[in-house]
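Residue numbers (the numbering used here), protein chains in the order written: chain A, 1 to 353; chain B, 1 to 353. Heads up, the beta-carbon is just placed ideally off N, CA and C, and yes, glycines get one too. A quick note: this is a predicted structure, and the numbers were derived from the prediction, not measured. Okay, so here's the structure we're looking at.
There are 2 protein chains.
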Amino acid sequence: MELTERKKKILRAIVDCYIQTAEPVGSKAIAAMPGMDVSSATIRNEMADLTEMGYLEQPHTSAGRIPSPAGYRLYVNELMEGYRLSIDETQSLNEAMELKLQEFDKVMTQVGKMVSNWTNLPAYAVTSRVGQLPTVKHFEILSAHTGSFILVVMTNTETVKNKLIKLPLNIQEQDLKLLSAVLNASLTDLSAEQITPEILSKIRKSAGAAADLVPIIVDYTVRILQEQQHSDVYLTGQMKLLGQPEYRDVEKAQEVLSTLDEEVIANLPAPTDGPVQILVGPENIAKELKDTSVVMTRFDIGDGMQGMIGVVGPTRMDYAQVTARLSYFAEGLGRMFGKNELPPAKESDGGTE
Amino acid sequence: MELTERKKKILRAIVDCYIQTAEPVGSKAIAAMPGMDVSSATIRNEMADLTEMGYLEQPHTSAGRIPSPAGYRLYVNELMEGYRLSIDETQSLNEAMELKLQEFDKVMTQVGKMVSNWTNLPAYAVTSRVGQLPTVKHFEILSAHTGSFILVVMTNTETVKNKLIKLPLNIQEQDLKLLSAVLNASLTDLSAEQITPEILSKIRKSAGAAADLVPIIVDYTVRILQEQQHSDVYLTGQMKLLGQPEYRDVEKAQEVLSTLDEEVIANLPAPTDGPVQILVGPENIAKELKDTSVVMTRFDIGDGMQGMIGVVGPTRMDYAQVTARLSYFAEGLGRMFGKNELPPAKESDGGTE
DNA sequence: TTTAGCACTCGTCATCCCTGAGTGCTAACT
DNA sequence: AGTTAGCACTCAGGGATGACGAGTGCTAAA
Chain A
1 MELTERKKKI
11 LRAIVDCYIQ
21 TAEPVGSKAI
31 AAMPGMDVSS
41 ATIRNEMADL
51 TEMGYLEQPH
61 TSAGRIPSPA
71 GYRLYVNELM
81 EGYRLSIDET
91 QSLNEAMELK
101 LQEFDKVMTQ
111 VGKMVSNWTN
121 LPAYAVTSRV
131 GQLPTVKHFE
141 ILSAHTGSFI
151 LVVMTNTETV
161 KNKLIKLPLN
171 IQEQDLKLLS
181 AVLNASLTDL
191 SAEQITPEIL
201 SKIRKSAGAA
211 ADLVPIIVDY
221 TVRILQEQQH
231 SDVYLTGQMK
241 LLGQPEYRDV
251 EKAQEVLSTL
261 DEEVIANLPA
271 PTDGPVQILV
281 GPENIAKELK
291 DTSVVMTRFD
301 IGDGMQGMIG
311 VVGPTRMDYA
321 QVTARLSYFA
331 EGLGRMFGKN
341 ELPPAKESDG
351 GTE
Chain B
1 MELTERKKKI
11 LRAIVDCYIQ
21 TAEPVGSKAI
31 AAMPGMDVSS
41 ATIRNEMADL
51 TEMGYLEQPH
61 TSAGRIPSPA
71 GYRLYVNELM
81 EGYRLSIDET
91 QSLNEAMELK
101 LQEFDKVMTQ
111 VGKMVSNWTN
121 LPAYAVTSRV
131 GQLPTVKHFE
141 ILSAHTGSFI
151 LVVMTNTETV
161 KNKLIKLPLN
171 IQEQDLKLLS
181 AVLNASLTDL
191 SAEQITPEIL
201 SKIRKSAGAA
211 ADLVPIIVDY
221 TVRILQEQQH
231 SDVYLTGQMK
241 LLGQPEYRDV
251 EKAQEVLSTL
261 DEEVIANLPA
271 PTDGPVQILV
281 GPENIAKELK
291 DTSVVMTRFD
301 IGDGMQGMIG
311 VVGPTRMDYA
321 QVTARLSYFA
331 EGLGRMFGKN
341 ELPPAKESDG
351 GTE
């Protein structure tokens with residue numbers, strides 16, 4: 001059977017309608033829509049065909065039709081009409097970005113929250129490292145006040161971390177200088193795995209009076225490098241799912257939400273190409289998510305980091321709107337992180353002890 | 001009417017039972033409990049008294065009784081039997097603490113998650129500053145590689161933050177030294193509010209070649225100070241509420257969860273005295289939370305910081321268990337943060353640009 | 001090829017009734 | 001005086017029943 005233009009038009013109308021109402025849509029409703037100039041009987045025939053072709057499903061005999069996964073797929077691939085953001089929308093988002101992202105740190109949490117609020121669905125934000133393993137580029141040791149000093153570690157990923165270390169023992173300025181030099185000489189360009197106990201003891205030997213500091217510093221350094229490697233996942237707005245009619249049943253919501261932990265998110269396939277990727281229902285990894293769809297996109301943070309934002313919602317979600325909002329958001333983030341001067345980007349946090 | 005010992009015993013039995021089953025408990029069930037050596041009729045009489053006294057309520061005529069808020073209050077105040085943590089419990093918690101808190105930063109998020117998992121309820125963790133306003137104690141400027149330098153700011157709260165700043169303009173080592181000296185001279189011991197535009201322009205005048213850097217640095221400094229002031233709230237495990245029978249209805253769950261944002265949490269009264277404070281139902285601030293209780297406790301982070309953890313759940317929650325777990329947790333955290341040497345405490349994060 | 005008409009299906013909703021848990025009261029018992 | 005057995009009464013919950021209506025598929029006419 002052939003997928004005529006009219007069939008496509010009807011399918012689109014059905015999906016559009018179902019997305020709005022979340023209820024099976026009947027032939028009459030479609031026939032009544034503006035632009036449809038055939039009778040309900042004709043629609044019925046076409047709907048029967050579409051059902052046979054696998055694009056529609058019938059929950060039960062005397063109900064209307066709902067789109068099948070294949071139907072959604074077809075819809076997002078070629079039928080969906082682009083959603084145009086209104087001026088208001090873009091404006092309010094711009095403001096929100098300016099305002100919120102000023103708060104240091106926790107940026108990705110904020111990003112997640114904003115996406116979630118804007119799409120009214122659970123959202124996630126992921127940062128991950130692309131490219132080479134993180135290594136140490138430079139150490140710096142500053143003496144603060146008596147008995148304490150600040151360790152500053154810079155990695156090849158342009159990240160700087162620091163830690164305030166307090167020690168009872170008294171170490172002289174020149175000892176710290178020596179230590180700093182030894183560390184720089186020994187650990188530069190090594191990744192976490194390459195820092196072996198042997199290296200540690202070698203450093204310790206040459207560190208002079210500050211030898212006791214070495215294990216502390218090295219431990220800290222290894223942690224930093226390890227932390228750089230693994231990607232961070234921020235998941236927020238899970239309760240937003242409860243607003244969706246398909247999750248009026250707590251059981252259902254729980255099933256999805258309990259599988260939707262950070263582990264699962266981290267394993268979601270990254271968008272391969274194109275600005276936005278959509279996973280429809282059963283295309284998802286976990287079978288518990290077979291009735292949910294994921295829309296995601298990536299953006300560039302710079303410095304070998306890459307971000308990903310996405311939302312999770314019922315298969316019946318407003319793909320056009322979500323897609324538009326998500327990509328606008330990602331674009332804004334890219335711009336924001338890309339800025340080279342005083343960006344409210346990833347920020348430092350204090351080390352306290 | 002007098003609250004005899006027997007009445008108390010019965011009330012306790014009723015609350016205990018209701019906490020377990022979440023269903024109105026009848027006279028028969030109480031009479032059948034071990035230790036009860038009177039008949040159901042007697043229990044009925046006593047229950048009628050307790051109802052009259054305001055400790056019990058009757059959902060409808062032919063149902064059993066449920067505790068009223070006053071009943072809960074009495075229960076937590078004097079009736080509740082201490083819950084003893086099993087060896088297994090303490091052990092698994094200890095392990096979890098060791099394991100999880102190694103990950104820097106996000107510590108409070110982790111804490112929140114752990115509390116939530118352990119109590120199986122939504123949990124929050126708050127950090128707040130006690131005592132004086134944060135001020136800058138010391139600046140340090142390190143030149144990294146060409147065109148970029150690292151700004152390190154130390155505050156009176158023993159917090160160290162840094163930021164990597166890249167600039168197209170070329171600034172000499174001695175200019176940075178000068179700038180650093182000027183900054184230290186001008187901004188030390190000022191709080192965010194005290195840093196006025198006048199001071200800024202004064203610094204700018206004396207900063208020589210690095211004058212253009214001044215606004216950037218000052219802005220960053222102010223942000224840090226401001227960030228130190230406000231307390232951070234981490235709320236997790238909201239969906240845990242769905243597991244509770246009283247929230248099988250999505251509407252109810254949504255009502256609570258939507259009011260339960262970080263704003264509200266931040267405004268919860270801090271525990272005044274004693275290790276654990278319990279807010280029963282209507283004692284809560286927001287009227288939407290009238291059917292939920294909050295159990296919270298505080299712990300010391302050190303360095304003028306104070307932490308608070310709490311859980312939110314139905315009025316019918318296992319206060320004894322939650323209280324025990326929460327205080328054990330807080331104790332552990334206090335120990336952990338109190339350690340003075342290489343603690344997995346608040347850590348630094350990288351500044352990237 | 002389209003459309004009107006019509007019989008048929010089946011989920012939803014309101015109604016009704018039954019059942020059983022639980023109560024309050026009274027009268028007998030200790 | 002306090003306790004207990006007995007009993008009538010109340011009322012929420014759960015199934016059964018039937019009317020209703022939205023929606024379908026088919027047929028025959030346009």
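A:L333 has its alpha-carbon roughly 13 angstroms from the corresponding atom of A:M305. Within chain B, V152, V160, K161, N162, S348 have C-beta atoms less than 8 angstroms from the C-beta of A:N162, given in sequence order. Its chain contains L279, G310, V312 as the residues whose beta carbon lies nearer than 6 angstroms to that of B:V294, once the 5 sequence neighbours on both sides are disregarded; these appear in chain order. Separation of B:S116 and A:R335 (C-alpha to C-alpha, rounded to the nearest whole angstrom) is 37 angstroms. Between B:N94 and A:V152, the C-beta spacing is not below 8 angstroms.
For A:T51 and A:D16, the gap between their C-alpha atoms comes out near 17 angstroms. Taking the Cα of A:I30 as reference, the smallest distance to any Cα among A:I19, A:P122, A:E46, A:A13 is reached at A:A13.
Within the same chain, and ignoring the five residues on either side of A:G54 in sequence, the residues whose Cβ sits closer than 7 angstroms to its Cβ are S68, A70. Around the beta carbon of B:Q228, 16 or more other beta carbons lie within 10 angstroms, which makes this residue buried. Taking the beta carbon of A:H138 as reference, the chain B residues within 8 angstroms of it are A144, listed in sequence order. Residue nearest to B:A270 within the set B:K290, B:E255, B:T297, B:E288 is B:T297 (criterion: CA-CA distance). For the stretch 186-218 of chain B, the beta-carbon criterion of a distance under 7 angstroms to any beta-carbon of chain A is satisfied by I216. The bridge partners DSSP lists for B:T119 come to none. In the three-state reduction of the DSSP assignment, B:V38 falls in the coil class, being assigned neither a helical nor a strand state. Residues of the stretch 248-281 of chain B whose Cβ lies closer than 7 angstroms to any Cβ of chain A, in chain order: R248, V250, A253, Q254, L257.
Annotation: the continuous alpha helix (DSSP H) that includes A:Y18 extends over 5-21.
Cβ contact annotation for B:G237 (same chain, cutoff 6 angstroms, sequence separation greater than five): S116, P122, A123, in chain order.
Non-local beta-carbon contacts of A:P275 in its own chain, meaning distances under 7 angstroms to residues more than five positions away in sequence, involve T297, S327 in chain order. Between the stretch 219-226 of chain B and the stretch 242-250 of chain B there are fewer than three C-beta pairs closer than 8 angstroms, too few to call the two in contact. A:S148 has A:K166 as its beta-bridge partners, per DSSP. Under DSSP, A:I278 takes part in a beta bridge, and its partners are A:V295.
From the beta-carbon of B:Q238, the residues of chain A found nearer than 7 angstroms are Q238, M239. Nearest to B:I203 by C-alpha distance, out of B:T188, B:L183, B:S191, is B:L183. In this structure, DSSP gives A:S180 a helical state, which the three-state scheme calls helix.
B:V130 counts as exposed, since fewer than 16 other C-beta atoms from the protein chains shown sit within 10 angstroms of its C-beta. Counting C-beta pairs with one atom in each stretch, the stretch 190-210 of chain A and the stretch 82-96 of chain A have fewer than three that are closer than 8 angstroms, which means they do not touch. Closest in C-alpha terms to B:A144, from the list B:E173, B:N284, B:L225, comes B:E173. At a beta-carbon threshold of 7 angstroms, the residues of chain B lying near A:L242 are V250, A253, Q254, ordered along the chain.
Counted as a single uninterrupted DSSP element, the beta strand (DSSP E) harbouring B:T236 occupies residues 232-236. Between B:L225 and B:T155, the C-beta gap is smaller than 8 angstroms, which places the two residues in contact.
The DSSP-derived three-state label of B:I285 is coil. The DSSP-derived three-state label of A:T196 is coil. In the three-state reduction of the DSSP assignment, A:P69 falls in the helix class. Here the alpha carbon of A:K28 sits roughly 5 angstroms from the alpha carbon of A:S40. Annotated three-state conformation of A:M154 is strand, per DSSP.
Residues of the same chain with a CB within less than 8 angstroms of the CB of B:F299, apart from the 5 flanking positions on each side, are Q306, G307, M308, I309, A330, E331, L333, G334, F337 in chain order.
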